Amino acid sequence: MRRRLLTNLAPYIISGLILFVLPLVLPSYVQSMFAKFLIFGIFAMSLGLLYGFVGLYSLGHAAFFGAGGYTTGILACHYGIENLWVATPIVVLVTLLISAIFGFIALRASGVYFLLLTLALGQLIFTVAWKWVTMTGGDNGLSGIPRPELGFPWPAWDPAYYYYFVLVFFLACFFLLRQIVNSSFGYTLRGIRLNENRMRHLGYPVWGYKYIAFIIAGLFAGISGMLFAYFNGIVVPSHAGITTSVLVFLMVVIGGPGTLFGPVIGAGVIVFLQFFISLYTPEHWPLVLGCVFVAAVMYARGGLSTWLLELQKRMKRRYGNIES
Amino acid sequence: METLKVENLSKTFGGLKVLEGLCFTMEAGECVAIIGPNGAGKTTLLNLLSGELQATGGRIYLFGQEVSRMSVHHRVRLGLGHSFQLNSLFSGFTVLENVLLALKSPQSHYFQMLRPMTTYDLLFAKAEELLKSLSLWEEEKVLVENLSYGKQRQLEIALGLALEPRLLLLDEPSAGLSSVESAELANMLYKLTENTSIVFCAHDMELVSRLAHRVIVLYYGRIIAEGGPREIQNNPKVKEIYLGVEKM
């Protein structure tokens, strides 16, 4: 009985140890990587909602990430708004507006045309960030973004504390998204992914569901963009561009779409791999990334999360048999 | 009140006229069979009625309301159910999950995002009732792709029934079923006709004569005969082009 309980609790215990305890004992530069991992974890989960639960392949998702980052930067650097409780609702509103407009346009098409439209719309934000020099700093980016004011005492903004600040956001986003995908709404999204036409014949306004999912995904991407701007202290056009969109897409594919933790694992793999590869051979990072992607597609079609789920199932079966 | 009224309905695909000038009505509680040889336009007609395809000309009225340009899901909201010729189920979902999706559709918790799906006890109870009535309850946890074809066919119809439609469109409901399964299906649909109007197209003349109050015969996109099952079976023109005539 105790072993079975342990098997069930194992994923939570391991996640808890990795997220809460491990960063405490690691050097500060690794703590920073953990913060980056969680930020990209939120970003990847937001795309995972679209890709894994609705079946929409977007190549412009970084637009919302960039929009969140630039809004944070512009508020802090041009208007002196550093308070988190003021900045967050504004970031949410801006990304909500942009994703509502982009979704309205992109969802007129489907399949590969949707992919191309999201790519084009994403590049629109990239171009605005690049060309609107007075507001965004153009090619040089917008630098000097300070860490947020929380309105209550916060010990310090060293990597460890920033990590725990991001962890709060990550957990909030994770549980909110978990509620969404396990709700009646999330169940409908999965139905749309599996058989969109049948859903219409069951009376579901499919377009409306996809549109709302697109906006929600944009919103969470915007929040991760805000956290990344605070983390880096700078936002540059590439944060909103195709390279970032492709990177997050790879995170979802490698981690495995269709679950929430899959994209988070994918984010972890990419962020830490990038970190370690860059230590030894930074110029070859894209080559390694390409190889990882090819290997993931060839040998782990459903993503790493499928392996983990399979492992958990096997363990449950094994210990279940011992008990019975 | 008329359940369905079709006025001068036509459909062309490029230069090909698939349906031309169809006119018919049906009353509440009526069961109408559409028959005709392959390529007569039966499935196209059902697709026009469901909204899957848009008509090239003519009008469709559903429960007194014009729906010619109305989207599929709006027609479903009016009380239209559709069951497909080729099973259109949710592969990757279990039997229970398939039915839950169908049952959930007309409910008020349309955009509920925070309440877990597992807490809708009433929905689960309804699903159990429906699956038991169709002898599918034992397979509730089976993935649909692992079901036999006959069971998949039953589930396909169950999805249509779950909406509690006022008018149900069935495309070849007995296609691919054994004679026993087909007879069971006929019994089930017969009970259904007490409360629901049905339009179905079929090649199975036993099913047609068992269920249909009226039969419409299509031939190259036109209605060539209309009447009771027996009347149609004795119609010489129908015999010639559809049922076949004995050659001396």
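Those sequence lines, one after another, are chains C and L. Counting along the first sequence from 1, when you hit position 89 you're at 89 in the numbering used here, and nothing is skipped either side. Take the position in the second sequence, starting the count at 1, then add 1000; the result is the number in the numbering used here. Ideal placement from N, C-alpha and C gives every residue a C-beta, glycine not left out. Just so we're clear, the structure is a prediction, and the values are computed from it rather than from any experiment.
- Going by C-alpha positions, D1121/L is about 41 angstroms away from A1055/L.
- Separation of the CB atoms of V1006/L and L1022/L is rounded to 6 angstroms, and the pair is thereby assigned contact status at 8 angstroms.
- A straight-line Cα-Cα distance of about 20 angstroms links V1032/L and I1241/L.
- Per DSSP, H1074/L is one residue of the alpha helix (DSSP H) stretching across V1072 to L1078.
- Contact of P1116/L with chain C is assigned, a C-beta pair being separated by under 8 angstroms.
- Listed along chain L are M1113 and L1114, each with a C-beta nearer than 9 angstroms to that of I180/C.
- Chain-order list of chain C residues neighbouring R1077/L: G203, by C-beta distance under 8 angstroms.
- Separation of the CB atoms of T1196/L and R1166/L is rounded to 7 angstroms, and the pair is thereby assigned contact status at 8 angstroms.
- If you draw a straight line from the Cα of F1084/L to the Cα of P1173/L, it is about 8 angstroms long.
- Annotated three-state conformation of D139/C is helix, per DSSP.
- Our two residues, R1059/L and N1008/L, have alpha carbons roughly 7 angstroms apart in a direct line.
- Within the same chain, V1217, I1232, N1235, K1237 and V1238 come within 7 angstroms of A1225/L by CB-CB distance, once the 5 residues on both sides are set aside.
- Chain L has a Cβ within less than 8 angstroms of the Cβ of N197/C.
- Where I180/C is concerned, the enclosing alpha helix (DSSP H) starts and stops at P159 to N182.
- Nearest in C-alpha terms to L1078/L, of all of S1088/L, S1209/L and L1062/L, is L1062/L.
- For S183/C, the residues of chain L that pass the 8 angstroms Cβ criterion are Q1112, M1113, L1114, R1115, P1116 and M1117, in the order they occur in the chain.
- Residue-level contact by beta carbon fails for H1213/L and chain C, as no gap is shorter than 8 angstroms.
- In this structure T1044/L touches K1011/L by the C-beta definition: roughly 6 angstroms separates them, less than 8 angstroms.
- In the displayed model, L107/C falls within coil according to three-state DSSP, outside both helix and strand.
- N8/C and G256/C have their C-alpha atoms some 21 angstroms from each other.
- The count of Cβ pairs closer than 8 angstroms, one atom from the segment 203-223 of chain C and one from the segment 234-243 of chain C, stays below three, leaving the stretches out of contact.
- The beta-carbon distance between R200/C and H1073/L, rounded to whole angstroms, is 5 angstroms. This is short enough to meet the 8 angstroms contact definition.
- Among the residues of the segment 1179-1207 of chain L, none has a Cβ less than 9 angstroms away from any Cβ of chain C.
- Under the Cβ criterion (8 angstroms, minimum of three pairs), the segment 86-98 of chain C counts as touching the segment 206-220 of chain C.
- DSSP, read as helix, strand or coil, puts K1141/L in coil.
- Here G191/C is buried: its Cβ has 16 or more other Cβ atoms, across all protein chains shown, within 10 Å.
- An exposed status is given to Y113/C, since fewer than 16 other beta-carbon atoms sit within 10 Å of its beta-carbon.
- At least 8 angstroms separates the beta-carbon of Y211/C from that of L189/C.
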